[in-house]
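Counting in this note's numbering, the sequence shown runs from 156 upward without gaps. Below is one structure, written out as structure tokens; the observations come after it.
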Amino acid sequence: MDLRRRRRRLNQRGDSGSLEWEILRGNPVEAGTPFVDFMGLCRDRVGGSGVGRLGFCAGSESRLGSLMSGKSVWSGGGESEKVGGVLGSAIDLKLFEKWKGKVSDNSVSETDLSLVSDFADDKMLWDRVIARVRFEVLYKTRFGRDSVTWRKWFLKPSQLADVRKPPACIPYYTEITLMEFVKDLERARQGGKVVADFVGPFGEAYKSIKKREDSEGAQLENGLIKWTPAKRRAPEYVPPLIDLSFAYLAEYSDGIASLENIPVEIRHKLCKAACDYGKMNWEFMKLLVAGAPLEICVPDCSCMKTEQFVESFCACDTENLKVLHLEILGQCLLDRALMSEVLSPGTFRSLVTLSLKSAAHLTDKGLGSLVQLAPSLQSLNLSQCPLLTAKGIDTLAIWYGKTLEELYLDDCLAIDAVAMLPALKEFLNLQVLSVAGSPSVCDDFVRHIVALRGGFMKELVFGSCCNLTDKMVEAVGSTCSSLVSLDISDICNLTDWALQHISNGSGSIRHLDLSHNSFSDDAVAAFLEVSGRYLTELSIKDIQRAGPATALSLAKSTRNLVSLDLSDCLHITEDMLGQIVECCTHLRLLQLFGCSQVRKHLLVI
């Protein structure tokens with residue numbers, strides 16, 4: 156058989172219903188490369204219909220030994236005898252008890268290629284998968300001599316299989332180890348009969364919850380919780396008169412003559428009320444900057460223009476100004492304002508906290524002027540500034556390397572996380588880092604940060620960073636022992652293993668956001684059993700699988716909760732909510748948006 160024909164047989168086989176390709180950067184795989192298909196094995200592993208026609212395909216030059224023995228992977232090569240031992244020690248050989256494969260010289264076995272939905276109960280995210288895991292022994296590559304690489308390819312549902320020619324590119328290509336591949340399959344089957352092998356306190360709690368579900372009273376605990384409102388109810392909360400007055404004051408803010416000598420807390424509440432009622436204007440801004448204020452916090456500065464910004468702080472005594480929040484500066488050309496000749500270097504020499512969130516026109520050049528105006532910053536919020544890049548962070552590192560403790564860069568899409576990594580390493584006292592919504596944040600980025608500053612970190616925010624996985628949470632859990640607040644919301648790649656890493660590592664977290672993830676009911680419950688007693692703020696919004704086990708653990712183990720968000724958790728019934736509310740006596744804020752199961756019966760507690 157000529158080489159061209161052998162390559163064709165090796166790289167293309169099957170019918171229009173099941174097609175497999177082996178492509179490496181558009182080049183066909185050499186005929187002598189050994190590889191094995193574990194499709195049927197994986198189907199059996201996750202509880203499918205059993206092992207189908209298993210086998211592997213190879214050219215006549217190679218022979219494939221038994222993986223069950225773990226002794227020889229490829230006989231005849233001479234250079235890869237050690238690979239079998241490494242493979243045998245790295246994997247659980249029990250996986251291959253039902254695996255049987257035979258190959259003879261000059262033969263090519265067929266392989267069963269079924270859709271993943273057939274063995275994953277349609278819970279996988281992919282409608283079609285080229286279910287091929289290619290085992291390849293690489294000798295002279297960047298992976299080193301005698302190394303093993305596992306690869307998998309995913310085909311987009313909209314991409315049609317063409318038996319006449321290979322696709323131009325493979326859409327989703329990743330390199331994984333065998334154990335990672337098996338874990339992926341088990342994660343896809345979470346909620347089924349497969350029980351993850353969790354370890355540590357989290358694992359013990361998880362197993363106890365499983366036993367509790369199988370006990371005689373499981374039916375009562377898993378959805379038939381009968382709740383009767385307590386006879387002794389707390390007196391109705393009556394808001395203070397001053398809180399009721401803010402709406403009136405905001406409505407008639409034009410009649411306020413001065414805000415001097417008014418306590419800072421009242422100034423902040425009044426300013427927020429004015430923004431909420433649309434009464435924030437240039438005249439009210441003059442009241443806030445008049446005199447020598449200690450703090451100025453304006454949540455909505457959309458009415459402020461460039462000239463007004465400069466005029467405000469020229470007339471303001473900034474000698475004692477410690478906190479300045481000017482957010483949503485949509486009309487103000489902040490670069491021009493900061494570089495104004497009227498504002499001299501050191502104008503904000505006492506400023507410690509600065510927030511310029513949603514400053515649409517702030518650029519790296521403007522940051523160069525900012526660091527001269529405010530040389531002593533400890534907290535800086537530059538979230539949602541679309542024009543900032545990694546060069547601006549370099550400027551901040553030069554000036555604030557020894558002083559900055561908090562840095563917020565949420566939704567700064569032009570900042571490349573990897574490019575700003577060297578600058579972040581220069582912040583010697585960094586304790587709070589927020590990079591939510593950044594598509595360039597990856598596992599390696601987080602690992603580098605926590606490796607240097609993990610022991611000092613108090614707060615980490617990675618919400619909506621879609622490229623993060625359980626490896627990131629593992630790095631945080633094993634390194635950040637002093638972590639108080641963590642946001643890992645809306646990260647689609649996270650699984651129940653992430654909760655194990657948090658509970659077994661950073662178990663004393665006070666503020667935690669798990670919303671918009673696909674954690675299982677038992678995993679959330681196990682986490683609360685282990686770490687719930689420390690929590691004061693918790694959000695499990697839109698965790699669709701949260702249900703009876705989670706509700707029971709909330710009632711038992713989170714007695715110190717002050718704020719709880721259960722929005723869109725439709726499997727938590729009204730009786731469960733009533734039990735949670737009565738057990739969590741410190742609860743002051745309960746959010747139930749989208750919970751249509753709530754009736755007046757609960758609201759009168």
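Glycine included, every Cβ here is placed at the ideal spot set by N, Cα and C. These numbers come from a predicted model, not from an experiment.
Between residue 666 and the set 538, 481, 717 and 398, the nearest pair of CA atoms involves 717. Within the same chain, Cβ atoms closer than 8 Å to the Cβ of residue 507 are found at 477, 478, 531, 532, 533 and 534, the five residues on either side in sequence being excluded.
Of all C-beta pairs linking the segment 638–651 to the segment 674–689, three or more are shorter than 8 Å, placing the two stretches in contact. Distance from the CA of residue 488 to the CA of residue 599, rounded to the nearest whole angstrom, comes to 36 Å. For residue 480, DSSP records a beta bridge to 452 and 510.
Nearest in C-alpha terms to residue 751, of all of 355, 728 and 505, is 728. In this structure, the beta-carbon distance from residue 646 to residue 623 falls below 8 Å.
Burial check for residue 366: the Cβ neighbour count within 10 Å stays below 16, so the residue is exposed. Pairing residue 553 with residue 579 gives a Cβ-Cβ distance that is not under 8 Å. For residue 746, the three-state secondary structure derived from DSSP is strand. The Cβ-Cβ distance between residue 454 and residue 430 falls below 8 Å. Note on residue 469: under 16 other CB atoms within 10 angstroms of its CB, so exposed under the neighbour-count rule. Residue 672 carries a coil assignment under DSSP once its states are collapsed to helix, strand and coil.
Selection 683, 541 and 551 evaluated against residue 357 yields 683 as nearest (Cα-Cα). For residue 573, the enclosing alpha helix (DSSP H) has its first and last residue at 572–579. A straight line joining the alpha-carbon of residue 510 with that of residue 541 spans about 15 Å.
In the structure shown, residue 496 falls within a coil segment according to DSSP collapsed to helix, strand and coil. For residue 726, same chain residues with a beta-carbon under 6 Å away, outside a window of 5 residues either side, are 702 in chain order.
Excluding its 5 nearest sequence neighbours in each direction, residue 633 has C-beta neighbours in its own chain below 6 Å: 660, listed in chain order. Assignment of residue 555 by DSSP, reduced to helix, strand and coil, places it in the helix class. Proximity to residue 591 across 571, 445 and 678 peaks at 571, based on C-alpha coordinates. Rounded to whole angstroms, the gap between the alpha carbons of residue 569 and residue 354 is 40 Å.
The beta carbons of residue 440 and residue 408 sit no closer together than 8 Å. Look at residue 587 here: in three-state DSSP terms it is strand.
DSSP lists no beta-bridge partner residue for residue 423. By the C-beta density criterion, residue 547 is buried, having at least 16 other C-beta atoms within 10 angstroms.
For residue 581 and residue 607, the gap between their C-alpha atoms comes out near 10 Å. Beyond the five residues adjoining it in sequence on each side, residue 514 comes within less than 7 Å, by CB distance, of 484, 489 and 540 in the same chain, given in chain order. Counting along the chain, residue 616 sits inside the beta strand (DSSP E) bounded by residues 614–616.
Taking 8 Å as the cut-off, the beta carbon of residue 588 is found closer than this to the beta carbon of residue 615. Judged by DSSP in its simplified three-state form, residue 720 adopts strand. Per DSSP, reduced to three states, the secondary structure at residue 693 is strand.
For residue 432, same chain residues with a beta-carbon under 8 Å away, outside a window of 5 residues either side, are 402, 405 and 406 in chain order. Nearest to residue 446 by alpha-carbon distance, out of 425, 437, 460 and 475, is 475. Residue nearest to residue 626 within the set 643, 670, 516 and 415 is 643 (criterion: CA-CA distance).
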